[in-house]
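In this text, residue positions in the sequence shown follow this note's numbering: the first is 266, and each later residue adds one. The structure appears right after this line, and notes come after that.
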Amino acid sequence: MAASMDSNGVNDGPRKAMDFDCWKGDWGLPSVDVKCLNVLTYAQIAGINLKVHKNRFWWRNLTAHFPIFQAAEDVLRSDTEAIQYLKENQANLDGDLTDQQRADILAFKALMEEKYLPGLLHVWWVDAKNFVELTRPWYAKALHFPLNYFVPGQLKRAAESRVDIIRGGDHMEPQEVTSRVYSDAKECLNLLSERLGDEDFFFGPVPTSLDALIFSYLAPLLRAPLPSNQLQTHLKATDNLCRFCTRILLRYFPDELQDSEANSSKKPTDDLFDDPHKRRNQVLFAVVALTAMASYAFLSGLVRVQIKDSDSSGIELDYDDGEEGQ
Numbered sequence: 266m267a268a269s270m271d272s273n274g275v276n277d278g279p280r281k282a283m284d285f286d287c288w289k290g291d292w293g294l295p296s297v298d299v300k301c302l303n304v305l306t307y308a309q310i311a312g313i314n315l316k317v318h319k320n321r322f323w324w325r326n327l328t329a330h331f332p333i334f335q336a337a338e339d340v341l342r343s344d345t346e347a348i349q350y351l352k353e354n355q356a357n358l359d360g361d362l363t364d365q366q367r368a369d370i371l372a373f374k375a376l377m378e379e380k381y382l383p384g385l386l387h388v389w390w391v392d393a394k395n396f397v398e399l400t401r402p403w404y405a406k407a408l409h410f411p412l413n414y415f416v417p418g419q420l421k422r423a424a425e426s427r428v429d430i431i432r433g434g435d436h437m438e439p440q441e442v443t444s445r446v447y448s449d450a451k452e453c454l455n456l457l458s459e460r461l462g463d464e465d466f467f468f469g470p471v472p473t474s475l476d477a478l479i480f481s482y483l484a485p486l487l488r489a490p491l492p493s494n495q496l497q498t499h500l501k502a503t504d505n506l507c508r509f510c511t512r513i514l515l516r517y518f519p520d521e522l523q524d525s526e527a528n529s530s531k532k533p534t535d536d537l538f539d540d541p542h543k544r545r546n547q548v549l550f551a552v553v554a555l556t557a558m559a560s561y562a563f564l565s566g567l568v569r570v571q572i573k574d575s576d577s578s579g580i581e582l583d584y585d586d587g588e589e590g591q
């Protein structure tokens with residue numbers, strides 16, 4: 266029997282189990298990553314149950330690319346695709362919006378990517394003080410060994426490249442790029458603050474996908490303990506945007522805030538007594554990790570072993586069965 270559809274075009278048939286792999290959270294946020302946070306916020310506002318996994322199956326995801334959304338045979342690797350799936354199959358937060366409001370969502374999305382995102386990337390990955398004191402240590406701790414040694418550097422280079430493409434270029438000095446991306450981001454924040462006004466959400470009292478999107482962009486900047494905080498200071502000066510972020514956190518992620526407060530009050534020495542076998546477990550995990558990485562490299566053909574026969578005048582021979590030539 267075909268599944269029925271409601272008035273908003275949402276499937277009323279049997280729900281598929283949905284797995285969502287994402288970066289973990291911190292500072293009262295369910296995830297520190299913008300794209301992951303966008304999907305989590307949309308789902309939470311819409312009352313959609315996701316089976317959330319924080320950085321699992323890392324040996325299958327050596328580039329540490331998140332989010333990964335899976336429902337039955339569908340595997341989606343972007344927040345845009347995941348939210349579109351949720352709209353079509355679960356709940357559409359934008360079902361009651363007018364055509365003009367839907368067009369406004371697209372316009373604001375383009376604005377955030379063009380004006381705000383380069384500044385946010387600069388804060389997290391390009392600013393040397395923030396990268397050394399906050400970003401790199403955080404991701405190194407969040408990742409499993411040995412990914413924590415090279416993935417932060419990969420993410421940094423990708424962010425630098427994107428900033429250069431969007432707002433830089435060979436003709437601009439680094440100081441010019443910094444000034445430009447921060448100026449654009451501040452202008453974007455001012456526009457958002459003006460548009461929000463005294464409303465609870467951007468289209469009135471009921472949140473939509475636009476609120477999930479903007480929250481996912483603003484909350485990490487607002488909540489992170491940034492050593493170099495020029496852009497964060499500007500955001501904190503826009504009272505209505507700060508209240509907007511706090512409103513969503515209190516309404517939809519209260520447990521995250523409570524956990525954050527509990528962790529901040531926890532003494533550093535408490536960790537020493539959480540697990541008496543912590544050091545042993547770390548060593549065992551490192552051995553398992555190296556074995557898994559090596560096995561993956563050999564099985565995928567990334568590494569080949571060449572054996573040089575000492576009697577063959579320097580000729581290198583490849584042995585598929587691993588045995589020496591006769």
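Ideal placement from N, C-alpha and C gives every residue a C-beta, glycine not left out. These numbers were taken from a predicted model, which means no experiment stands behind them.
Check                                                                                                                        : Outcome
For Met377, three-class secondary structure by DSSP                                                                          : helix
Those residues which DSSP pairs with Asp339 across a bridge                                                                  : Ala336
Rounded distance between the beta-carbons of Trp403 and Phe396, thought under 8 Å                                            : The pair is not a contact, with the Cβ atoms about 10 Å apart (cut-off 8 Å).
Arg422 vs Trp292 beta-carbon contact at 8 Å                                                                                  : no
Option nearest Cys453 by Cα separation, candidates Ala356, Leu376, Ala347, Tyr517                                            : Leu376
Residues near Arg545 in its chain [Cβ-Cβ closer than 8 Å; skip 5 each side]                                                  : Residue placement at Arg545 is flagged as unreliable, the pLDDT there being 47, under the threshold of 50; the coordinate-derived value follows with that caveat. Once the five neighbours on either side are set aside, Arg545 has no close Cβ partner at all.
Cβ pair count under 8 Å reaching 3, the region 407 to 422 against the region 353 to 370                                      : no
In chain order, each alpha helix (DSSP H) run of at least 4 residues that lies wholly inside the region 457 to 536           : 474 to 488, 495 to 501, 504 to 517, 519 to 530
Per-residue burial, Pro485 [other beta carbons within 10 Å of its own, 16 or more giving buried]                             : buried
Lys289, DSSP secondary structure in three states                                                                             : coil
Where Val317 sits in the DSSP three-state scheme                                                                             : strand
Buried/exposed call for Gly579, threshold 16 Cβ in 10 Å                                                                      : Because Gly579 carries a pLDDT of 44, less than 50, the predicted location of this residue cannot be relied on, and no value is offered for it.
Backbone secondary structure at Asp359 - three-state DSSP                                                                    : coil
Exposed unless 16 or more other CB atoms sit within 10 angstroms - verdict on Pro295                                         : buried
Residue(s) in a DSSP beta bridge with Met283                                                                                 : Ala336
Chain-order list of residues whose beta-carbon lies under 6 Å from that of Ala425 (same chain, five-residue window excluded) : According to the sequence displayed, residue 425 carries Glu and not Ala. Excluding positions up to five away in sequence, the list reads Val391.
Three-state class that DSSP yields for Glu398 in the structure shown                                                         : helix
Cβ neighbour criterion (16 or more within 10 Å) applied to Phe285                                                            : buried
Environment of Asn314 [buried if 16+ CB atoms lie within 10 Å]                                                               : exposed
Contact check, Ile348 vs Ser474, beta carbons under 8 Å                                                                      : yes
Option in Val428, Glu459, Ala407, Tyr482 with minimal Cα separation from Ser444                                              : Val428
Beta-carbon proximity list for Cys507, same chain, < 8 Å, skipping 5 on both sides                                           : Leu487, Leu500, Lys501
Glu353 - DSSP class collapsed to helix/strand/coil                                                                           : helix
Lys374 versus Lys319 - alpha carbon distance                                                                                 : 26 Å
Secondary structure of Leu294, DSSP reduced to three states                                                                  : coil
Assigned secondary structure, Pro383 (DSSP; H/G/I helix, E/B strand, else coil)                                              : helix
Nearest-angstrom Cβ-Cβ length linking Tyr482 and Thr306, presumed shorter than 8 Å                                           : No, Tyr482 and Thr306 are not in contact; Cβ-Cβ is about 11 Å, not under 8 Å.
Of the residues Leu358, Leu302, Cys301, Gln495, the one placed nearest Gly312, counting alpha carbons only                   : Leu358
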